[in-house]
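>
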Amino acid sequence: MTFSSLTIERVVSVTLRVLQSKDKITLEGGFTVDVITIHQDVGAVKTNTRVNIDIDRILKKSIITVPLSEDGLCCDKAIIYDIAHLEKDMKSINFLKDRRRETLLNRVKVLHAEARVPLGPCTCSQIAIFEDWLDVQIAVISSDISNQVSYKGRDRSCRINLWLHKGHYDIIKSLKGFYGTNSYCESWDKPF
74 MTFSSLTIER
84 VVSVTLRVLQ
94 SKDKITLEGG
104 FTVDVITIHQ
114 DVGAVKTNTR
124 VNIDIDRILK
134 KSIITVPLSE
144 DGLCCDKAII
154 YDIAHLEKDM
164 KSINFLKDRR
174 RETLLNRVKV
184 LHAEARVPLG
194 PCTCSQIAIF
204 EDWLDVQIAV
214 ISSDISNQVS
224 YKGRDRSCRI
234 NLWLHKGHYD
244 IIKSLKGFYG
254 TNSYCESWDK
264 PF
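For the sequence shown, the positions run 74 to 265 when this note's numbering is used.
(1) Determine which residues share a DSSP beta bridge with Cys-258 and list them.
(2) For the beta strand (DSSP E) containing Asp-243, name the first residue and the last one.
(3) Could you compute how far the alpha carbon of Ser-230 sits from the alpha carbon of Val-108?
(4) Does the separation of the CB atoms of Ala-188 and Ile-202 fall below 8 angstroms?
(5) Rounded to a whole number of angstroms, what is the C-alpha to C-alpha distance between Ile-245 and Thr-138?
(6) Near Gly-250, what residues of its chain come up, given a Cβ to Cβ distance below 6 angstroms and the 5 sequence neighbours on each side ignored?
(7) In this structure, does DSSP put Arg-232 in helix, strand or coil?
(8) Give the range of the alpha helix (DSSP H) segment to which Lys-182 is assigned.
(9) Starting from the C-beta of Lys-225, find all residues in its chain whose C-beta is less than 6 angstroms away, skip the five residues before and the five after it, and write them out in chain order.
(10) Would you kindly report the start and end of the unbroken alpha helix (DSSP H) that includes Ser-135?
(11) According to the neighbour-count rule (16 or more other Cβ atoms, all chains shown, within 10 Å of its Cβ), is Leu-79 buried or exposed?
(12) Please classify Leu-100: does DSSP put it in a helix, a strand, or coil?
(13) Rounded to the nearest angstrom, what separates Asp-96 and Thr-110 at their Cα positions?
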């Protein structure tokens, strides 16, 4: 658990789990709680050691933000938007960026109709259907598991990297920039 996610509720929940375990703990005598913090060494390259999702998703140049929406279609919007970036189609990118137009939503609806997937938030099985339909590899990197790969489809010529945080998807344009490293191995999904 990272220091930034350490809250009173998390400490109390861990303490409750220990107290409710099969071990006999007497509360009359008191008990001590040991908190161990581990400092991760930073190499020669300057990296951002703290991750603030709300700020980093806007400030980092390696992340393309997808507009927040209540309809739960942010994964689909990210896929459509990233395909335009992969094809370097500037006309489509500019149309998709314009939030006053419904171009992005219309393309999402067409994608759902062609792939025969119901409209709504995407699961891994629906992402796999989109992968097969679009013939791209999609990798989902989740902030819930310390920015590790939570889903990765089979290898294809084009790869789309999505960042899942707080139930919302954004696009990772550069994995090296996202992790703040010099290199990234896509076959092992490891920054170094």
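For each residue, glycine too, the CB sits at the ideal point set by N, CA and C.
Keep in mind that this is a model prediction, so the values were computed, not measured.
Straight from the coordinates:
(1) Lys-263
(2) 241 to 245
(3) 46 angstroms
(4) yes
(5) 9 angstroms
(6) Ser-135
(7) strand
(8) 176 to 188
(9) Ala-212
(10) No alpha helix (DSSP H) holds Ser-135; DSSP gives it neither H nor E.
(11) exposed
(12) coil
(13) 25 angstroms
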